[in-house]
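All remarks here apply to the structure that follows.
In this note's numbering, the protein residues as written are 101 to 389.
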């Protein structure tokens, strides 16, 4: 074979490969375009489902829209809205946080923070309602003198379980309201003209009247933390009372243990953290009457 022929064959081979490469690029580009179209299609129909109150179907379509085009931020925001309407506020928060992480626009970020704050407030309302139910159940599980030992023990176990739930719910309630306030502040920082965020910030602060001054005047949180730590420290006398109470419990002297601890709490504020134990001892003594 002549050199010219070899050269011609090689050029022909390269040309064919270039054509194939161009075809692949066009194919990939067409596929990306198709995905973008499908993403917008799902977003459009998700919006229709949302307006019709079909929030679960809307959520599926918004998630599909985002999976087809991760740059489709509005699908994340709308997924948060659909979750919110389904009363799934923790899930809504997750979507809004993802939305914010991909936003460059300050107004859009502000909207995201605002909606997280609203989700936090809904969780606060849920915890408040739960505490109301716990209070009702506690009043229904009181230990009465005319109850037999089986009924007293049953009510004791119910009360103990409810008190634990009450403690967790109270902690969650205060924590989530503080987070709501923080998110409304973030919304205002990103967009100072966000009037809804300002209104809800003011409303949230009023729900914690004992902390209004702290939030309004940017109270030094570190000092407050140190003060709380001091309050948690049991006094020297309190330590002795605690030891004596626990010793009496080990000896099954519950009446004496309750008497010692109850008097101690009334005289020494550092023993406040043992109030739950004091309640249990009181209930136990009522059972053992």
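Quick reminder that beta carbons are idealized off the backbone N, C-alpha and C, glycines included.
Exposure of residue 144, with buried meaning 16 or more beta-carbon neighbours within 10 Å: exposed
Can you tell me whether residue 364 is buried or exposed? The criterion is at least 16 other CB atoms within 10 Å of its CB, across all chains shown. buried
Does DSSP put residue 358 in a helix, in a strand, or in coil? Residue state, collapsed to three classes: helix.
Straight-line gap, residue 282 to residue 349 (C-alpha atoms, nearest Å): 44 Å
Please determine if the stretch 212–219 and the stretch 264–271 are in contact, where contact requires at least 3 C-beta pairs separated by less than 8 Å. no
Would the beta-carbon of residue 297 fall within 8 Å of that of residue 287? yes
Nearest by alpha-carbon distance to residue 369: which of 381, 343, 345 and 339 is it? 339
To the nearest angstrom, how far is it from the Cα of residue 182 to the Cα of residue 254? Roughly 42 Å between the two C-alpha positions.
DSSP state of residue 156, grouped into three classes? helix
So residue 172 packs on residue 179, CB below 8 Å; how close in whole Å? Contact doesn't hold; Cβ gap of about 11 Å is too wide.
Since I believe residue 357 is in contact with residue 374 (beta carbons under 8 Å), could you give me their beta-carbon distance rounded to a whole number of angstroms? At roughly 11 Å, the Cβ-Cβ gap does not stay under 8 Å, so residue 374 and residue 357 are not in contact.
Taking 8 Å as the cut-off, decide whether the C-beta atoms of residue 176 and residue 195 are in contact. yes
Leaving aside the five residues before and after residue 227 along the sequence, list all residues of the same chain whose C-beta is less than 6 Å from its C-beta, in chain order. Within the same chain, residue 227 has close Cβ partners 269, 272 and 273.
Is residue 227 helix, strand or coil when you go by DSSP? Correct three-state label for residue 227: helix.
Could you tell me how far apart the beta carbons of residue 285 and residue 301 are, in whole angstroms, since I believe they sit closer than 8 Å? 6 Å
Considering only residues of the same chain and omitting the five flanking positions on each side of residue 185, which have a CB-CB separation below 7 Å? 155
DSSP three-state label for residue 204, please. coil
Near residue 376, what residues of its chain come up, given a Cβ to Cβ distance below 8 Å and the 5 sequence neighbours on each side ignored? Once the five neighbours on either side are set aside, the close Cβ partners of residue 376 are 263 and 267.
Within the 8 Å Cβ cut-off, does residue 190 reach chain C? Of the protein chains in this structure there is only one, and it is not chain C.
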